[in-house]
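Sequence lines, in order, name chains A and B.
First residue of the first sequence: 553, per our numbering; consecutive thereafter.
First residue of the second sequence: 26, per our numbering; consecutive thereafter.
This report concerns only the one structure given below.
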Amino acid sequence: DIQMTQSPSSLSASVGDRVTITCRASQSIGTYLNWYQQKPGKAPKLLIYAASNLQSGVPSHFRGSGSGTDFTLTITSLQPEDFATYSCQQSYITPYTFGQGTKLAIK
Amino acid sequence: QVQLVESGGGLVKPGGSLRLSCAASGFTFNDYFMTWIRQAPGKGLEWVAFISSDSGLTNYADSVKGRFTISRDNDKKSLYLEMNSLRVDDTAVYYCARSEDYGENDYWGQGTLVTVSS
């Protein structure tokens with residue numbers, strides 16, 4: 553199975569900050585990388601698919617980049633509603649494994 | 026609007042069985058692959074299984090292979106997960122999700138909790 557490793561596991565930031573979360577795959581996955589946001593008690597929400605494509609309705613201050621094994625989710629100018637857990641997922645080869653998640657908390 | 030509603034979760038003893046259902050509405054169900062994803066309490070997301078639009082292709086995580094069966098009824102716009110030989114570590118919230126062309130899951134249900142405990 554492809555292992556997905558996110559870093560950091562947690563971080564704290566302030567409203568207005570720029571935040572970067574990284575996701576590394578154990579083998580090349582092209583651009584088959586998706587990012588999800590999850591708030592406590594809620595289902596995950598798709599933010600980015602195919603590494604850099606913004607899902608419809610997602611604010612433009614979310615950006616995804618990368619290819620091969622290294623990927624980045626950047627949140628520019630954090631908003632109060634952005635504090636949540638973020639998970640990456642590879643959809644290159646089944647099982648479509650997820651990273652362990654990155655919890656973004658308010659500083 | 027797209028809606029996915031899971032049901033069938035509950036408390037079951039180790040070794041027991043349970044069948045989850047997911048009712049879909051607001052889109053052409055038989056055009057899409059569908060996926061089950063689970064999340065153990067306080068843990069990350071785990072992909073469980075998917076099924077193609079015509080049920081011709083299924084795929085499972087190793088952790089559930091041979092114990093779980095994914096199926097669908099396109100006439101009823103419903104997705105199912107038959108879970109047998111349940112173990113304590115199958116305890117999780119189970120989500121059904123619609124799968125798009127790139128394998129991403131663009132719509133999710135609210136989840137149903139399965140608790141395996143004696």
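Virtual Cβ for every residue (Gly too), placed ideally from N, Cα, C.
* Where do the ends of the beta strand (DSSP E) carrying D98(B) lie? -> Within the second sequence, the letter at position 73 stands for residue 98(B). Residue range 93-98 is occupied by the beta strand (DSSP E) that includes D98(B).
* What are the partner residues of N586(A), as DSSP defines its beta bridges? -> Taking the first residue of the first sequence as 1, we reach residue 586(A) at position 34. According to DSSP, residue pairing for N586(A) in a beta bridge involves Q641(A).
* Can you pull the DSSP bridge partners for S559(A)? -> To locate residue 559(A), count along the first sequence from 1; it is residue 7. Assignment of beta-bridge partners to S559(A) by DSSP yields T574(A).
* Asked: Which whole-angstrom value describes the C-beta separation of T116(B) and P66(B), a residue pair presumed to lie in contact below a C-beta threshold of 8 Å?
  -> Taking the second sequence and counting its residues from 1, one reaches residue 116(B) at position 91. Taking the second sequence and counting its residues from 1, one reaches residue 66(B) at position 41. Confirmed, about 7 Å.
* Within-8 Å CB hit, G33(B) to chain A -> Counting from one through the second sequence, the residue named residue 33(B) turns up at place 8. No, its Cβ sits nowhere closer than 8 Å to a Cβ of chain A.
* To do: Give me the Cβ distance between T60(B) and S124(B), rounded to the nearest whole Å; I'm assuming they're in contact under 8 Å.
  => Taking the first residue of the second sequence as position 1, residue 60(B) is located at position 35. Taking the first residue of the second sequence as position 1, residue 124(B) is located at position 99. Going by Cβ atoms, the distance from T60(B) to S124(B) rounds to 5 Å, so yes, they are a contact pair.
* To do: Could you pull out every residue in the same chain whose Cβ sits closer than 6 Å to the Cβ of V118(B), ignoring the five residues on either side in sequence?
  => Your numbering for residue 118(B) matches position 93 in the second sequence. Cβ within range, chain order: Q64, G136, L138.
* Three-way DSSP call (helix, strand, coil) for D56(B) in this model -> As a first step, residue 56(B) is located in the second sequence; it is residue number 31 there, counting from the start. It is helical.
* For D622(A), write down the residues that DSSP places opposite it in a beta bridge. => On the first sequence, position 70 is the one that residue 622(A) refers to. Beta-bridge annotation (DSSP): D622(A) is paired with R576(A), S619(A).
* Establish whether the CB of L598(A) and some CB of chain B are separated by less than 8 Å. => The residue given as residue 598(A) occupies position 46 in the first sequence. Yes, contact with chain B.
* Asked: Taking only beta-carbon atoms, is A117(B) less than 8 Å away from chain A?
  -> On the second sequence, residue 117(B) is found 92 positions in, with the first residue counted as 1. Not closer than 8 Å to any Cβ of chain A, the Cβ of A117(B) fails to qualify, so no.
* Using CA coordinates, which residue listed in T649(A), Y588(A), Q590(A), S619(A) is at the minimum distance from Q553(A)? -> In the first sequence, the residue the question calls residue 553(A) occupies position 1. Rather than Gln, the amino acid found at residue 553(A) in this sequence is Asp. Looking at the Cα atoms, T649(A) is the closest of the given residues.
* **Option nearest D126(B) by Cα separation, candidates S77(B), G41(B), P39(B)** => Taking the first residue of the second sequence as 1, we reach residue 126(B) at position 101. When only C-alpha atoms are compared, the closest one is S77(B).
* Buried or exposed by the 16-neighbour rule on C-beta atoms within 10 Å, applied to S42(B) -> Reading the second sequence from its first residue, position 17 is the one you call residue 42(B). The residue in question, S42(B), is exposed, as its Cβ has fewer than 16 Cβ neighbours within 10 Å.
* Please confirm if the region 650-657 of chain A is in contact with the region 556-570 of chain A, defined as three or more CB-CB distances below 8 Å between the two stretches. => Short answer: they touch.
* Does DSSP put V118(B) in a helix, a strand or coil? -> Sequence index remark: in the second sequence, residue 118(B) carries index 93 (1-based). Annotated three-state conformation of V118(B) is strand, per DSSP.
* **Straight-line gap, R44(B) to V37(B) (C-alpha atoms, nearest Å)** => The residue you call residue 44(B) lines up with position 19 of the second sequence. The residue you call residue 37(B) lines up with position 12 of the second sequence. Distance between the alpha carbons of R44(B) and V37(B): 11 Å.
* **Selected residue, minimal CA-CA separation from T53(B), among M108(B), V113(B), K101(B), W72(B)** => Position 28 of the second sequence holds residue 53(B). Nearest option by C-alpha distance: K101(B).
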